[in-house]
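Visitor:
Number of protein chains: 2
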Amino acid sequence: MATELDAEGRAAARPLLTDLYQATMALGYWRAGRAGEPAEFELFFRRCPFGGSFALAAGLRDCMRFLRAFHLQDSDVQFLASVLPPDTDPAFFEHLRALDCSGVTVRALPEGSLAFPGVPLLQVSGPLLLVQLLETPLLCLVGYASLVATNAARFRLIAGPDKKLLEFGLRRAQGPDGGLTASTYSYLGGFDSSSNTLAGQLRGVPVAGTLAHSFVTSFSGSEVPPDPMLAPAAGEGPRINLAASVNLWLERVCTHLGLEVQEPHSGERAAFVAYALSFPRAFQGLLDSYSVRRSGLPNFLAVALALGELGYRAVGVRLDSGDLLQQAQEIRGLFRNIAAKFHIPWLESVPIVVSNNIDELELARLAQEGSEVNVIGIGTSVVTCPQQPSLGCVYKLVSVGGHPRMKLTEDPEKQTLPGSKAAFRLLGSDGSPLLDLLQLSEELPPQAGQELKVWPKGAQEPYTIRPAQVEPLLRLFLQQGQLCEPLPSLAESRAFAQQSLSHLSPKNRWLWSPEAYQVALSEKLHTLVDSLSAGDSL
Amino acid sequence: MATELDAEGRAAARPLLTDLYQATMALGYWRAGRAGEPAEFELFFRRCPFGGSFALAAGLRDCMRFLRAFHLQDSDVQFLASVLPPDTDPAFFEHLRALDCSGVTVRALPEGSLAFPGVPLLQVSGPLLLVQLLETPLLCLVGYASLVATNAARFRLIAGPDKKLLEFGLRRAQGPDGGLTASTYSYLGGFDSSSNTLAGQLRGVPVAGTLAHSFVTSFSGSEVPPDPMLAPAAGEGPRINLAASVNLWLERVCTHLGLEVQEPHSGERAAFVAYALSFPRAFQGLLDSYSVRRSGLPNFLAVALALGELGYRAVGVRLDSGDLLQQAQEIRGLFRNIAAKFHIPWLESVPIVVSNNIDELELARLAQEGSEVNVIGIGTSVVTCPQQPSLGCVYKLVSVGGHPRMKLTEDPEKQTLPGSKAAFRLLGSDGSPLLDLLQLSEELPPQAGQELKVWPKGAQEPYTIRPAQVEPLLRLFLQQGQLCEPLPSLAESRAFAQQSLSHLSPKNRWLWSPEAYQVALSEKLHTLVDSLSAGDSL
Chain A
1 MATELDAEGR AAARPLLTDL YQATMALGYW RAGRAGEPAE FELFFRRCPF
51 GGSFALAAGL RDCMRFLRAF HLQDSDVQFL ASVLPPDTDP AFFEHLRALD
101 CSGVTVRALP EGSLAFPGVP LLQVSGPLLL VQLLETPLLC LVGYASLVAT
151 NAARFRLIAG PDKKLLEFGL RRAQGPDGGL TASTYSYLGG FDSSSNTLAG
201 QLRGVPVAGT LAHSFVTSFS GSEVPPDPML APAAGEGPRI NLAASVNLWL
251 ERVCTHLGLE VQEPHSGERA AFVAYALSFP RAFQGLLDSY SVRRSGLPNF
301 LAVALALGEL GYRAVGVRLD SGDLLQQAQE IRGLFRNIAA KFHIPWLESV
351 PIVVSNNIDE LELARLAQEG SEVNVIGIGT SVVTCPQQPS LGCVYKLVSV
401 GGHPRMKLTE DPEKQTLPGS KAAFRLLGSD GSPLLDLLQL SEELPPQAGQ
451 ELKVWPKGAQ EPYTIRPAQV EPLLRLFLQQ GQLCEPLPSL AESRAFAQQS
501 LSHLSPKNRW LWSPEAYQVA LSEKLHTLVD SLSAGDSL
Chain B
539 MATELDAEGR AAARPLLTDL YQATMALGYW RAGRAGEPAE FELFFRRCPF
589 GGSFALAAGL RDCMRFLRAF HLQDSDVQFL ASVLPPDTDP AFFEHLRALD
639 CSGVTVRALP EGSLAFPGVP LLQVSGPLLL VQLLETPLLC LVGYASLVAT
689 NAARFRLIAG PDKKLLEFGL RRAQGPDGGL TASTYSYLGG FDSSSNTLAG
739 QLRGVPVAGT LAHSFVTSFS GSEVPPDPML APAAGEGPRI NLAASVNLWL
789 ERVCTHLGLE VQEPHSGERA AFVAYALSFP RAFQGLLDSY SVRRSGLPNF
839 LAVALALGEL GYRAVGVRLD SGDLLQQAQE IRGLFRNIAA KFHIPWLESV
889 PIVVSNNIDE LELARLAQEG SEVNVIGIGT SVVTCPQQPS LGCVYKLVSV
939 GGHPRMKLTE DPEKQTLPGS KAAFRLLGSD GSPLLDLLQL SEELPPQAGQ
989 ELKVWPKGAQ EPYTIRPAQV EPLLRLFLQQ GQLCEPLPSL AESRAFAQQS
1039 LSHLSPKNRW LWSPEAYQVA LSEKLHTLVD SLSAGDSL
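As you go down the protein sequences, you meet chains A and B in turn.
According to this note's numbering, the first sequence is numbered sequentially starting from 1.
According to this note's numbering, the second sequence is numbered sequentially starting from 539.
Okay, structure coming up:
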């Protein structure tokens, strides 16, 4: 089912989802007789996002889907004809019509890999005209996916392994598919679930959700549920009137809390009862529609304890305003107190769910030792990545016709590394990554235990290193248009990402002011860069 | 054609593109016997984005498309059944299967309207269960569209009316549809064109694009164009060898500039020639693949002057690095100098196009008086809205069963305004808006020339105002599922937005530290808020 629906879900990623200049350049290549010349591009980023020292590579599945389906429809070609010069040779459009990715080969970092500046996430080779056309869609599919996965991984690192992280930023995303992408890759990066139902349906992301303030405020308390009766959790025994039982519990709770029984809002309580009748096994109270202490909490307790009598256990309370940490501490204390008073031990550990514009710093506060917060819902700040809302990936030509190519701009930051390359991760004896090495693809791979001279990017001097282990980084995923190995599932990639992160040494894993992870060039690649920079003939 | 293709383009916006809690609440309403109760929600924002004092309302077309097509497929209902309690009454799923928007009515600010905090962009009324389900998709469709349109409008205000603004942020967007939305609504907000070809095909946005560095660096200079011959622009006269003519011009240009003829990169020149052969009427040179002065400029001039001999005029040069303003001034000076030297007056005014991470401040610098920059390409900072990457729209219940509803949280910022409302813009005698007035829908509209007591939001005291004109703000677009008036085209909405902005008084139009535009409540609405806040029965 997921596969079939997916065809619809990814409809927006299609050949014309590209910058017009890819099409004008296509015509230029074609007119110059170079459409089929073999070329290779690399997709990479120049700086790690969010001031950190790592990123997670993501979006490969979407790229593979896009490439394997790549084909221009007649209407696409007609549209291009309408915006290109009217006297363009019709043979060019015939060429476009016949394009597919059967001549395209892609090596890539596996989904969820650690990625570092300058190391290709994708190497795309094939006919010059075609691989140029692929630039924008591939950047669009990889850039945000990797950014949001990295952002989510940072939240996971801050939260630690035990807090549950729920993504619910769909409404803050860049339109429908922005939301779908966000939910998918937040999960890959380490979130536990998403509110986005479509991400559940199409991508298999676990979904979660309970109720909003509008549900609570829609009840005035005068509503009469058509059927207020609820059977015990075990299925045996008589059904009882939940609303009536809640009212009895409310009196006890209010007495214990020193509240008048009229204080808790009757509409809020009616909403809780209605929700509990639908979800007796998954009752959660949203506490802050009116007053948390004087209304939300007593109403929640009355419903939870009435449900408890029938053998159901409430699954949580949610706070969406105010000082979330302080309220969580107070509520946990109250739960303990009530649990003792009424001999209901499970109440002590009812999960406390919080939300409300939580960013990295607030998350760090909520996740600190001793915090009673259990589940954290994050929307805007995971989906929009406000610290840095784009990764800034680039897609650069590194070889054409078998010759290395390099952009020699006057802006050193924008220079590129020429030639078809291989990439290796050199590991220390404890298995933690020491540096990533880029070398020309014709060079022999570095050997574990053997000394090696490397040139850190931007450094003036080489140094020698003896890796304990060597891992090749780029895997062949698409060869001449054919998928070479099955892509892992989203959940597998998520596990791989967490495993990769756990090996990263702490100084590189720091979220603020980390030590930069080194990327270095082989002697031979370094020499090629020097020679091309000096203007030697290509 | 556009309509047919659109069906595919908007595939991602469908009923399950919603937070799961909308579905759990739906079950709650249904179980409480309230699914069909008449309800009204308002969609609005609480604060203007980017520290400004206005926003543009956008996304209405997408909402209307979504609502009119709203229907849950069998597979959607099956997915919901898989995540809801297994003992859920099957009649609930039958109810979902039968849902459509035939009972939904929408009033809205017309696309491209000025919007202010608390004034509804949409008022959505219909059966409670259904209009609750619509929350997330409507927020998703309106929030980012309005945000990016407002962002684009700010760029337009900074640039002034004469500079051309090109959006090319597709690769920095939140996936495919994020890019499509960005391009569409940047245009609505005041950009002139987009690089996004799909936005051209599906939304009619004017598209633009020429060539990238990869095109330039892909040429070494040893390539032989299969056909280097070009006919004169007028069509009459012999075809000439463009490459040969360019070489002649290069010598003259280099001599004039005091450069060796070997200095300009031959690959860059070959790329320019190849591009010019394809686009003789639209030749643009990208100058900074190697060195602007020693290579890009002389190569551009040689090709432009060779084309000029044939009656073609180059359409621009593009700079993508370095100090863009300073280079533009120098290049314009050089163009003037060469134009005089070679008696080619049109060269003086060849447009100078700049790009490279341009934000509001850099745009202000590039657009200042005397700047020789003509076209500005902006990607990341228009598409990702880095100053504030989400608008933070909310969708709040204001009435149910004919009774006003209000969220009375302890966080005053999160309180809502109850009741079904009408909204009016009160204008001064010069036609500029003075304030937006919210009142209950049953009240008589304010009258031009008549004194009126209003309560500015958050103020303790009312004041009186005598508007010279009164404009109703919310128009009926969907009545019981039927579209009531044709939606304007994107270009019409764009013109409307510019016109609306032009009427806004300068102190409200300021981009930094503007005076807040006032939104006020009628006496009657103010009284209702007071009475509900005091806990009077609903």
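No residue lacks a Cβ here, since even glycine has one placed at the ideal position from N, Cα and C.
Let me check understanding here. Comparing Cα to Cα, which of B:A691, B:Q1056, B:E705, B:L703 lies closest to G727 of chain B?
Guide: Selected option, being the one with the closest Cα: B:A691.
Visitor: With a threshold of 7 Å, establish whether the CB of E1061 of chain B neighbours any heavy atom of the ligand MN.
Guide: With respect to the ligand MN, the structure shown offers nothing to examine, as it has no ligands at all.
Visitor: Using the rule of at least 16 other Cβ atoms within 10 Å of the residue's Cβ for burial, across every protein chain shown, is Y463 of chain A buried or exposed?
Guide: Its Cβ having fewer than 16 others within 10 Å, Y463 of chain A is exposed.
Visitor: On the CB-based measure, 16 or more other CB atoms within 10 Å of its CB, does H1064 of chain B come out buried or exposed?
Guide: By the neighbour-count rule (16 or more Cβ atoms within 10 Å), H1064 of chain B is buried.
Visitor: Between E509 of chain B and Y933 of chain B, how many whole angstroms is the CB-CB distance? I'm expecting something under 8 Å.
Guide: The structure shown has nothing for residue 509 of chain B, since chain B only spans 539 to 1076.
Visitor: Got a sec: is the Cβ-Cβ distance from M602 of chain B to anything in chain A below 8 Å?
Guide: No, M602 of chain B lies away from the interface with chain A (no Cβ there is under 8 Å from its Cβ).
Visitor: Jot down the residue ranges of each uninterrupted alpha helix (DSSP H) in the region 734-814 of chain B, minimum 4 residues, whole runs only, in chain order.
Guide: DSSP runs (the alpha helix (DSSP H)) wholly in the region 734-814 of chain B: 735-741, 751-755, 780-795.
Visitor: Does DSSP put F962 of chain B in a helix, in a strand, or in coil?
Guide: Three-state DSSP puts F962 of chain B in a strand.
Visitor: Going by other Cβ atoms of all chains shown within 10 Å of its Cβ, with 16 needed for buried, is E649 of chain B buried or exposed?
Guide: Classification for E649 of chain B: buried.
Visitor: Using a Cβ cut-off of 8 Å, which residues of the region 132-147 of chain A contact any Cβ in chain B, in chain order?
Guide: So the list reads Q132, E135, T136, P137, L139, C140, L141, G143, Y144, A145, given in the order they occur along the chain.
Visitor: Going residue by residue through the region 627-671 of chain B, where are the continuous beta strand (DSSP E) segments of at least 3 residues, counting only ones entirely within it?
Guide: With a minimum length of 3 residues, the continuous beta strand (DSSP E) runs that stay inside the region 627-671 of chain B are 643-646, 660-665.
Visitor: At 7 Å on the CB atoms, spell out the chain B contacts of A340 of chain A, in chain order.
Guide: Going along chain B, no residue has its Cβ under 7 Å from A340 of chain A, so there is no contact; the nearest lies around 28 Å.
Visitor: Can you give me the C-alpha to C-alpha distance between D19 of chain A and P433 of chain A, rounded to a whole angstrom?
Guide: Approximately 37 Å, taken between the alpha carbons.
Visitor: Indicate the three-state DSSP secondary structure (helix, strand or coil) for V992 of chain B in the structure shown.
Guide: Three-state DSSP puts V992 of chain B in a strand.
Visitor: Are the beta-carbon atoms belonging to F588 of chain B and N689 of chain B less than 8 Å from one another?
Guide: Going by C-beta atoms, F588 of chain B is nearer than 8 Å to N689 of chain B.
Visitor: With a cut-off of 8 Å, do at least 3 Cβ pairs link the region 805-815 of chain B to the region 745-757 of chain B?
Guide: The region 805-815 of chain B, when compared against the region 745-757 of chain B, does touch it at the 8 Å Cβ threshold.
Visitor: According to the neighbour-count rule (16 or more other Cβ atoms, all chains shown, within 10 Å of its Cβ), is L786 of chain B buried or exposed?
Guide: L786 of chain B is exposed by the Cβ-count criterion.
Visitor: Classify E4 of chain A as helix, strand or coil using the three-state DSSP reduction.
Guide: Because E4 of chain A carries a pLDDT of 34, less than 50, the predicted location of this residue cannot be relied on, and no value is offered for it.
Visitor: If the criterion is Cβ atoms closer than 8 Å, does the pair L437 of chain A and A423 of chain A meet it?
Guide: In contact: L437 of chain A and A423 of chain A (Cβ atoms closer than 8 Å).
Visitor: Give the interface partners of N247 of chain A over in chain B, defined as CB-CB distance under 7 Å, in chain order.
Guide: Neighbours of N247 of chain A on chain B: none; closest Cβ ~17 Å, over 7 Å.
Visitor: Alpha carbon to alpha carbon, how far is G33 of chain A from P763 of chain B?
Guide: Each residue's alpha carbon lies about 6 Å from the other.
Visitor: For the region 845-869 of chain B, which residues have a beta carbon sitting closer than 9 Å to at least one beta carbon of chain A?
Guide: So the close ones are D858, S859, G860.
Visitor: I want to know whether the region 691-711 of chain B touches the region 188-205 of chain A - three or more CB-CB distances under 8 Å.
Guide: The region 691-711 of chain B vs the region 188-205 of chain A: no contact.
Visitor: Would M229 of chain A pass as an interface residue toward chain B - the criterion being a Cβ-Cβ separation below 8 Å?
Guide: Not one chain B Cβ lies under 8 Å of M229 of chain A.
Visitor: Given that a residue counts as buried once 16 or more other Cβ atoms are within 10 Å of its Cβ, and exposed if not, what is K507 of chain A?
Guide: It is exposed - the Cβ of K507 of chain A has fewer than 16 other Cβ atoms within 10 Å.
Visitor: Leaving out five residues on either side along the sequence, give the residues of the same chain with a beta carbon under 6 Å from the beta carbon of P889 of chain B.
Guide: Excluding positions up to five away in sequence, the list reads G854, N912, V913.
Visitor: Just the chain B side, please: which residues come within less than 9 Å of Q480 of chain A by C-beta, in chain order?
Guide: Residues of chain B passing the Cβ test: none, with the nearest at roughly 22 Å.
Visitor: Just list the residues that DSSP pairs F41 of chain A with in beta bridges.
Guide: Answer by DSSP bridge pairing, in chain order: A:V124, A:L397.
Visitor: Using a Cβ cut-off of 7 Å, pull out every chain B residue sitting near V400 of chain A, in sequence order please.
Guide: Under the 7 Å cutoff, chain B gives S756.
Visitor: Looking at L180 of chain A and L198 of chain A, is the spacing between their C-beta atoms short of 8 Å?
Guide: In this structure, L180 of chain A lies closer than 8 Å to L198 of chain A by Cβ.
Visitor: Can you find at least 3 beta carbon pairs, one from the region 672-686 of chain B and one from the region 111-127 of chain A, that sit closer than 8 Å?
Guide: The region 672-686 of chain B is not in contact with the region 111-127 of chain A.
Visitor: At the level of alpha carbons, what is the spacing between G178 of chain A and F283 of chain A?
Guide: Computed Cα separation, rounded: 31 Å.
Visitor: Checking the sheet assignment: what are the DSSP bridge partners for A878 of chain B?
Guide: Bridge partners of A878 of chain B: none, in fact.
Visitor: Using 8 Å as the Cβ pair cut-off and three pairs as the minimum, do the region 774-783 of chain B and the region 839-848 of chain B touch?
Guide: Contact holds: three or more Cβ-Cβ distances are below 8 Å.
Visitor: Taking Y275 of chain A as the reference, give the member of A:R365, A:A314, A:E251 with the closest Cα.
Guide: Nearest of A:R365, A:A314, A:E251 to Y275 of chain A, Cα basis: A:A314.
Visitor: Hey, out of A:P514, A:E515, A:L478, A:E523, whose CA is closest to L109 of chain A's CA?
Guide: It is A:L478 whose Cα lies nearest to the Cα of L109 of chain A.
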